Amino acid sequence: MADLVLDWGLFGAYGTDFGASQTVDTGGVDVTVAFDQQDAGAQAFTFNAEGYVGPDESFSATSFLKLFGDGGPGGTSDTSTTTISFASSDDEFGDAVQNVSFRVNDIDSGTEDTGESSGFHFDMLTIRAFDAEGNEVPVTVTPGSDVVGSGNTLSGGANSWTPTDAQASALVEIAGPVASVVIDYDNTGEGDQKITVSDVYFSTTDAEPQEPVPGDDSAATDEGTPVVIDVLENDTDPQGQPLEVTGTSDPANGTVTINPDGTVTYTPEAGFTGEDTFDYTVTDPDGNTATGSVTVAVEPEGGPQAPVPGDDSAETGEDTPVVIDILENDTDPQDQPLSVTGTTDPANGTTIVAPDGRVIYVPDAGFTGEDTFDYTVEDTDGNSATGTVTVTVNEGGDGGPNYIVEGTGGDDLIDIDYTGDPQGDMIDANDARDGSNDDIVIAGPGDDTILAGEGDDLVYAGPGDDLIQGEEGHDTLVGGDGDDTLDGGSGDDTMLGGDGRDTFTNANPGDVVDGGGGPDGTNPDDGLPYDYDTLDLRGSAPEGGSLRIEYTSEDREDGIVHYLNADGEDSGALEFREIENVVPCFTPGTAIATPKGERMVEDLQPGDKIITRDNGIQEIRWIGTRTLTGHELARKPDLRPILIQKGSLGHNLPEHDILVSPQHRMLLTGDKTQLYFEETEVLAAAKHLTAMPGIDEVGTLGVTYVHFMFDHHEVVLANGAWSESFQPGANVLDGLGREQRGEILDLFPELTTTEGSTITPPRAAR
Numbered sequence: 040m041a042d043l044v045l046d047w048g049l050f051g052a053y054g055t056d057f058g059a060s061q062t063v064d065t066g067g068v069d070v071t072v073a074f075d076q077q078d079a080g081a082q083a084f085t086f087n088a089e090g091y092v093g094p095d096e097s098f099s100a101t102s103f104l105k106l107f108g109d110g111g112p113g114g115t116s117d118t119s120t121t122t123i124s125f126a127s128s129d130d131e132f133g134d135a136v137q138n139v140s141f142r143v144n145d146i147d148s149g150t151e152d153t154g155e156s157s158g159f160h161f162d163m164l165t166i167r168a169f170d171a172e173g174n175e176v177p178v179t180v181t182p183g184s185d186v187v188g189s190g191n192t193l194s195g196g197a198n199s200w201t202p203t204d205a206q207a208s209a210l211v212e213i214a215g216p217v218a219s220v221v222i223d224y225d226n227t228g229e230g231d232q233k234i235t236v237s238d239v240y241f242s243t244t245d246a247e248p249q250e251p252v253p254g255d256d257s258a259a260t261d262e263g264t265p266v267v268i269d270v271l272e273n274d275t276d277p278q279g280q281p282l283e284v285t286g287t288s289d290p291a292n293g294t295v296t297i298n299p300d301g302t303v304t305y306t307p308e309a310g311f312t313g314e315d316t317f318d319y320t321v322t323d324p325d326g327n328t329a330t331g332s333v334t335v336a337v338e339p340e341g342g343p344q345a346p347v348p349g350d351d352s353a354e355t356g357e358d359t360p361v362v363i364d365i366l367e368n369d370t371d372p373q374d375q376p377l378s379v380t381g382t383t384d385p386a387n388g389t390t391i392v393a394p395d396g397r398v399i400y401v402p403d404a405g406f407t408g409e410d411t412f413d414y415t416v417e418d419t420d421g422n423s424a425t426g427t428v429t430v431t432v433n434e435g436g437d438g439g440p441n442y443i444v445e446g447t448g449g450d451d452l453i454d455i456d457y458t459g460d461p462q463g464d465m466i467d468a469n470d471a472r473d474g475s476n477d478d479i480v481i482a483g484p485g486d487d488t489i490l491a492g493e494g495d496d497l498v499y500a501g502p503g504d505d506l507i508q509g510e511e512g513h514d515t516l517v518g519g520d521g522d523d524t525l526d527g528g529s530g531d532d533t534m535l536g537g538d539g540r541d542t543f544t545n546a547n548p549g550d551v552v553d554g555g556g557g558p559d560g561t562n563p564d565d566g567l568p569y570d571y572d573t574l575d576l577r578g579s580a581p582e583g584g585s586l587r588i589e590y591t592s593e594d595r596e597d598g599i600v601h602y603l604n605a606d607g608e609d610s611g612a613l614e615f616r617e618i619e620n621v622v623p624c625f626t627p628g629t630a631i632a633t634p635k636g637e638r639m640v641e642d643l644q645p646g647d648k649i650i651t652r653d654n655g656i657q658e659i660r661w662i663g664t665r666t667l668t669g670h671e672l673a674r675k676p677d678l679r680p681i682l683i684q685k686g687s688l689g690h691n692l693p694e695h696d697i698l699v700s701p702q703h704r705m706l707l708t709g710d711k712t713q714l715y716f717e718e719t720e721v722l723a724a725a726k727h728l729t730a731m732p733g734i735d736e737v738g739t740l741g742v743t744y745v746h747f748m749f750d751h752h753e754v755v756l757a758n759g760a761w762s763e764s765f766q767p768g769a770n771v772l773d774g775l776g777r778e779q780r781g782e783i784l785d786l787f788p789e790l791t792t793t794e795g796s797t798i799t800p801p802r803a804a805r
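For any residue, its number in this note's numbering is found by taking its place in the sequence shown, counting from 1, and adding 39.
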């Protein structure tokens, strides 16, 4: 073990600017410092002025990294992020380090730090450390007497200090092992700000033994025929040492022997065809081992055999869709599961292929007679064959139910009360073919809202901007053309977006989400692709738990969402494909700035203190919540929330996506505000901002609004953007419950006046 120092003088003459990532060798460990400027004017440079060093500490009192921000209109919260990463440059040392320590000075608040602006600054920083796997490791912070500490988040106290004052200094210690340290520097005010970071002291760790790296193998052979597999061909050793196969597991349908030259021979059992697997152990001369996997495809004698489809026939009435279970009479020589991969276009109708293999035939309006189409059936090995379906469409129909709930072609609300189906089929009326509530819904054209209710439902929304909720059961939801919103509800659901910009909400473990394709090109109005699907994970983590996203494609549009319970244990996974935008809010709610750091709005209580824009720190007097269900939102679409995506208000505002009610007002500043409103700043209702890129009404099927009030109307920081507190006019008060309304009026008797007109408006904003 060696004790090393990241001396800021190693980067060259003091005053060196970290405009780009820079790396220095500290004597066996390369240290890379990367600076991410998040607010205009933010800087990082080496600095050799005097700074505070504690008694008996080894830090230099004249070697620092200075982090500077010049504030600015709008109260941008993020100033910069500085990442210090470690990597071994000596074979004796590991990439991670330990016993990391440094000081941060001049953590304060007040008027400007530099004399170049007249604003108020409020230093806030969070220090995080991560191991080589990306897991966060504990950080111990010892703050000065005027530094407010909350875990690894530090805030300036009530006074302004200098870099030499102990009161505004904090000692940071990290036992490790540590692969990187991140300093997230924020400013909840508008004035210039700065902090200084001392030299970083740390110790090395010993290099760990490195295991061989096996590459998984595959092979193919004919029924009853052994095959020799060179499993070492794609295996490597980090030290370049020779490798040896020292063992294998037993395959389920054959035997394996290890040959003297390092290959293995797999022999299938007599009569077996299909896929078999086994593992093998590879070992280097130092005794380090690893395990690889081998998959062997055993083909039937004579080669792969395709499925055997049986031709199908069905009968229906005029203008009446029919469901055809075309796989029912199809077989596979290897008894592999079969799937329908597509159909031809019938001459007088259309087809819809369900994920379970059923096909829905929809005759053209007014057509009667005989129609045909072909379908392709495929086994798991990719062998395929073609079958034919003949449908007879009788004149006039039989007038009875066809087990499909159909829309009218307009903007339908299809739920348990819907009676617009021509044959009288309804949601949850036990009128499926088997007498269950497993409904099939074909909504057709129009901007439809579908609430499928109980059972394992199959929903095709069709063209239009549709809102679909599967509710209970294991549902399959297909959006079709248009900008759709799909919510599977409870159960293991499959959600397919189709063409357009689709949004998936209320996704849960066991679900499969597929955004589907869409037209090529970019919409010039917002600069985003026409095919831009969103998976909204907010609130989907288990109570007290979390979630982790694993991307499985290079374009980061496919992946798996892993759900962890409160104990960190695996509680299921969700698979997604063709999703361009994942909204991974790991905890629900909006972050509100307080003197002790950001807190989730749902955790706030009356009496908590909040940072306000115009009146400093104020105390919350009342908090209320109102939850609207999907049924309520379907009947009152004017209450649907507005999603304001990260950065859509400019200057990285908000810092994270924020969901607000339509009348909730956000503070806008900048040149466009001056142009449109002849004001430097204005409070605008969220519903009036939907023409801006990244701000849209969300067709969610359930939302909870959280409101809080002060003695007066205030503007607060929510997800880093300035936003108003609850403004209770008479209409809003009428919408609250009796107890909440009575509590508000007890606290605020002036609200009994018309429209709450006695509430003081915010300074400057209009």
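Heads up, the beta-carbon is just placed ideally off N, CA and C, and yes, glycines get one too.
Just so you know, these numbers come straight off a predicted model, no measurement behind them.
Opposite Asp64 in the DSSP bridges: which residues?
Counting from one through the sequence shown, the residue named residue 64 turns up at place 25. According to DSSP, Asp64 bridges with Asp69.
Would you tell me roughly how many angstroms separate the C-alpha atoms of Met40 and Ser60, rounded to the nearest one?
Indexing the sequence shown from 1 puts residue 40 at position 1. Indexing the sequence shown from 1 puts residue 60 at position 21. Straight-line Cα distance between these residues: approximately 27 Å.
On a Cα-Cα basis, can you pick out the residue from Asp256, Val321 and Gly539 that is closest to Thr287?
Within the sequence shown, numbered from 1, the residue matching residue 287 stands at position 248. Residue Val321 is the option with its Cα nearest to Thr287.
Looking at the secondary structure, which residues open and close the beta strand (DSSP E) in which Phe159 lies?
The sequence position of residue 159 within the sequence shown is 120, counting from 1. From DSSP, the beta strand (DSSP E) with Phe159 extends over Phe159 to Phe169.
Are Ser12 and Ala546 closer than 8 Å when you measure CB to CB?
With the chain represented from 40 up to 805, any question about residue 12 goes unanswered, as that position is not in the structure.
Suppose the cutoff is 6 Å on Cβ atoms and the five residues either side in sequence are ignored; what does the same chain contact list for Leu271 look like?
Here residue 271 refers to the residue found at position 232 when the sequence shown is read from its first residue. The residues are Leu282 and Gly301.
Beta-carbon proximity list for Arg167, same chain, < 8 Å, skipping 5 on both sides
In the sequence shown, the residue the question calls residue 167 occupies position 128. Closer than 8 Å at Cβ, skipping near neighbours: Glu175, Val178, Asn191, Val220, Val221 and Asp223.
Does Ala246 come out as helix, strand or coil in the three-state DSSP assignment?
Translated into positions along the sequence shown, residue 246 becomes position 207. Three-state DSSP puts Ala246 in coil, outside helix and strand.
Report buried or exposed for Tyr569, applying the criterion of at least 16 other Cβ atoms within 10 angstroms of its Cβ.
For the purposes of this step, residue 569 is identified with residue 530 of the sequence shown, where counting begins at 1. The residue in question, Tyr569, is exposed, as its Cβ has fewer than 16 Cβ neighbours within 10 Å.
Would you mind stating whether Ile443 and Asp487 have Cβ atoms separated by less than 8 Å?
Taking the first residue of the sequence shown as position 1, residue 443 is located at position 404. Taking the first residue of the sequence shown as position 1, residue 487 is located at position 448. No, the Cβ-Cβ distance between Ile443 and Asp487 is not below 8 Å.
Alpha-carbon spacing of Thr467 relative to Gly459, whole angstroms:
Counted from its first residue, the sequence shown places residue 467 at position 428. Counted from its first residue, the sequence shown places residue 459 at position 420. It should be pointed out that residue 467 corresponds to Asp in this sequence rather than to Thr. Roughly 14 Å separates the two Cα atoms.
Selected residue, minimal CA-CA separation from Gly759, among Ile631, Leu722 and Lys635
Reading the sequence shown from its first residue, position 720 is the one you call residue 759. Here the closest residue by C-alpha is Ile631.
How is Asp564 classed by DSSP in three states: helix, strand or coil?
For the purposes of this step, residue 564 is taken as residue 525 along the sequence shown, with counting starting at 1. The answer is coil: DSSP assigns Asp564 none of H, G, I, E or B.
Among Gln344, Asp351 and His752, which residue has its Cα nearest to the Cα of Glu417?
The residue you call residue 417 lines up with position 378 of the sequence shown. With distances taken between Cα atoms, Glu417 lies closest to Gln344.
If Asp413 sits next to Thr427, beta carbons under 8 Å apart, how far is it from one beta carbon to the other, in whole angstroms?
As a position in the sequence shown, residue 413 is number 374, starting the count at 1. As a position in the sequence shown, residue 427 is number 388, starting the count at 1. Rounded, the Cβ-Cβ distance is 5 Å, consistent with contact.
Going by alpha carbons, who is nearest to Glu229 out of Asp473, Gly108 and Val699?
Reading the sequence shown from its first residue, position 190 is the one you call residue 229. Checking every option, the nearest Cα to that of Glu229 belongs to Gly108.
Own chain residues within Cβ distance below 7 Å of Ile363, not counting five before or after:
Start at 1 with the first residue of the sequence shown, and residue 363 comes out as number 324. Correct list, in chain order: Asp351, Ala353, Arg397, Val398, Tyr400 and Val428.
Give me the residue from Leu682, Ser592, Glu720 and Leu692 with the minimum Cα distance to Ala730.
What you label residue 730 is simply residue 691 of the sequence shown in a count that begins at 1. Out of Leu682, Ser592, Glu720 and Leu692, Leu682 has the C-alpha closest to the C-alpha of Ala730.
On the DSSP bridge list, what partners appear for Pro307?
Translated into the one-based positions of the sequence shown, residue 307 becomes position 268. Gly293, per the DSSP bridge assignment.
Quick check on this structure: which residue in Trp200, Ala79, Pro360 and Asp162 has the alpha carbon closest to the alpha carbon of Gly90?
As a working mapping, residue 90 is identified with position 51 in the sequence shown. Taking only the C-alpha atoms, the option nearest Gly90 is Trp200.
Whose C-beta lies closer than 8 Å to the C-beta of Pro360 among residues of the same chain, with five residues either side of it excluded?
By one-based count along the sequence shown, residue 360 stands at place 321. Hits under 8 Å: Ile399, Tyr400, Val401, Pro402, Asn441, Ile443, Glu445 and Ile481.
Going by DSSP, what residues sit across from Trp761 in a beta bridge?
Mapped onto the sequence shown, residue 761 falls at position 722. Answer is Leu756, bridged to Trp761.
Would a C-beta distance cut-off of 8 Å place Gly483 and Asp495 closer than the cut-off?
If you number the sequence shown from 1, residue 483 lands on position 444. If you number the sequence shown from 1, residue 495 lands on position 456. Contact flag unset, no.
Give the single residue among Met639, Gly556 and Phe86 whose Cα lies nearest to the Cα of Gly51.
To locate residue 51, count along the sequence shown from 1; it is residue 12. When each option's Cα is compared against that of Gly51, the closest is Phe86.
Is it buried or exposed, Arg704, if we count other Cβ atoms within 10 angstroms and call 16 or more buried?
Residue numbering aside, residue 704 sits at position 665 when the sequence shown is read from its first letter. Its Cβ being crowded by 16 or more others within 10 Å, Arg704 is buried.
Assumed close pair Asp323, Asp276 - CB separation to whole angstroms, cut-off 8 Å
In the sequence shown, counting from the first residue as 1, residue 323 sits at position 284. In the sequence shown, counting from the first residue as 1, residue 276 sits at position 237. About 5 Å; that satisfies the 8 Å criterion.
Segment limits, beta strand (DSSP E) that includes His601
As a working mapping, residue 601 is identified with position 562 in the sequence shown. It spans Gly598 to Leu603 - the beta strand (DSSP E) in which His601 sits, taken as one unbroken run.
With burial defined as no fewer than 16 other Cβ atoms inside 10 Å of the residue's Cβ, what is the status of Gly36: buried or exposed?
It is not possible to answer for residue 36, since the shown part of the chain is limited to 40 through 805.
Based on the DSSP output, what are the partners of Phe57 in its beta bridges?
If you number the sequence shown from 1, residue 57 lands on position 18. The partner list for Phe57 (beta bridge, DSSP) is empty, contrary to what the question assumes.
Neighbourhood of Thr122 by C-beta, 7 Å cutoff - its chain only, sequence neighbours within 5 removed
Numbered from its first residue, the sequence shown carries residue 122 at position 83. Contacts found: Ala73, Ser219 and Val221.
Report buried or exposed for Asp652, applying the criterion of at least 16 other Cβ atoms within 10 angstroms of its Cβ.
As a first step, residue 652 is located in the sequence shown; it is residue number 613 there, counting from the start. Sequence inspection shows Arg at residue 652; the Asp mentioned does not correspond to that position. Buried: at least 16 other Cβ atoms inside 10 Å.
8 Å Cβ cutoff met for Asp572 and Gly554
Position 533 of the sequence shown, counted from the first residue, corresponds to residue 572. Position 515 of the sequence shown, counted from the first residue, corresponds to residue 554. It is a contact, given that the beta carbons lie within the stated cut-off.
Might you give, ordered along the chain, the residues of its own chain that have their beta carbon closer than 6 Å to the beta carbon of Arg472, omitting 5 neighbours on each side?
For the purposes of this step, residue 472 is taken as the residue at position 433 of the sequence shown. The residues are Tyr442.
From Phe132 to Asn144, what does the alpha carbon distance come to, in whole angstroms?
In the sequence shown, counting from the first residue as 1, residue 132 sits at position 93. In the sequence shown, counting from the first residue as 1, residue 144 sits at position 105. Their backbone Cα atoms lie some 31 Å apart in a straight line.
Can you tell me whether Asp677 is helix, strand or coil according to DSSP?
Residue 677 sits at position 638 when you count from the first residue of the sequence shown. Looking at Asp677 - three-state DSSP - the assignment turns out to be helix.
In this structure, what does DSSP give as the bridge partners for Gly13?
Absent from the model: residue 13. The displayed extent of the chain is 40 to 805, so no value can be given.
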